[in-house]
Amino acid sequence: MNVTTPEASSPGAEAHGEGLLDDARLSATLRTFRDSGMVIIRNAYDADRIATLRASYDDLLAQERSAPNGSRSVQPTDGQNHIQMQMPLLPPFADVDVVAHPVVAQVLAAVLGTDYRCCLYNSNTAFPGSTHQQVHRDAGPVFGSGLGVPTPTTGVVLNIPLCDFTEENGSTEVWPGSHLIVDHPDDAGAELTDRARALASARFNIPVGAIALRDLRLWHRGTPNQSDGARTMLAIVYQRSWLGWRSPALRVPAKTWRAWPSHVQTVFAAAPVDD
Ligand SMILES: O=C(O)CCC(=O)C(=O)O
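Remember, the numbering used here sits 625 above the position in the sequence shown when you count from 1.
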């Protein structure tokens, strides 16, 4: 089966500007998310907005990489020439339309319950020459394999691409439906990269302005960037409030906290506020 377009796994939704999804679109979006484990929302941002984020991201990454004692926020992943960077809750990364986009908030409330919390603010950059990552899940089933059946979604990552995502520059590869796989005891110890060879995958090749929401259990990996530019996305993780985990790096500067409206403060209620 050849499933290489995002539409194949995520025929999904369209968001325009600040408008909310109407009932029919919200329901189609949620169905796609439940069925495939992810959904693409197009036109969530305009190109100028993404260009601003990209310029700030590139500056920050350059600063971090040239820090005299090395950067604590930038780490290599298992792919070569591929890194993750923990993001600071500062403008423009902490702007309300980034951390609490109204359409994303609409979908998250329906998937995770209205009291969901942000627990991690990360990003991924595949530099030219990057290689495949191992196929992985960002989180396993909440009850391990003991329960034997999948649970509803408990965690979601929002990916905001800061450039067009293409076959050439290493768009993320996903295994639609794999969020519902509960490992059989016979598979304990089997690598997902080996298991995934037998299953159909899709790449999310999406233009600037589109975003992806993905169940943390969905099998996925970064792929080789054969272009001459860095392929970058923000990755903001939200979870059900009762899970209680948060990245120690997620801290809110007081200035950011004061600038946020109360509904955004609620989303970040699990993170300490720094003076
Ligand atoms: O960069 C990508 O396309 C995927 C990154 C990723 O899945 C990870 O590092 O956990």
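Positions of the beta carbon are idealized from the N, C-alpha and C atoms, including for glycine.
- Three or more Cβ pairs drawn from the segment 746 to 753 and the segment 703 to 722 lie within less than 8 Å of each other, which places the two stretches in contact.
- Counting along the chain, no beta strand (DSSP E) covers D648; the unbroken alpha helix (DSSP H) around it starts and ends at D648 to S661.
- P786 has M858 as its beta-bridge partners, per DSSP.
- The beta carbons of L783 and L868 sit about 17 Å from each other, so the pair does not count as a contact at 8 Å.
- In this structure D684 does not touch P753 by the C-beta definition: roughly 19 Å separates them, more than the 8 Å allowed.
- Spatial neighbours of V767 in its own chain (CB-CB distance under 7 Å, excluding positions within 5 residues in sequence) are listed in chain order as T776 and T779.
- Taking every residue with its beta carbon within less than 5 Å of a heavy atom belonging to ligand 1 gives, in chain order, T702, N749, T797 and G847.
- Here V877 is actually not in contact with A725; their C-beta atoms are around 13 Å apart, not less than 8 Å.
- DSSP, read as helix, strand or coil, puts E793 in coil.
- The closest CA to that of R856, considering only A874, V774, A649 and N830, is found on N830.
- In terms of CA proximity to R667, G644 leads the group S681, Q688 and G644.
- Each residue's CA atom was taken as its position, placing V781 and P693 some 35 Å apart.
- Under the DSSP definition of a beta bridge, H845 partners with H761 and V799.
- Annotated three-state conformation of A751 is strand, per DSSP.
- The beta-bridge partner set that DSSP reports for I708 consists of P701 and T750.
- For R679, the enclosing alpha helix (DSSP H) starts and ends at A672 to R690.
- Pairing D819 with S770 gives a Cβ-Cβ distance that is not under 7 Å.
- Going by DSSP, R883 is part of no beta strand (DSSP E) but of the alpha helix (DSSP H) stretching over A879 to A884.
- In the DSSP annotation of this structure, the continuous segment of the alpha helix (DSSP H) that includes A734 starts and ends at P727 to L737.
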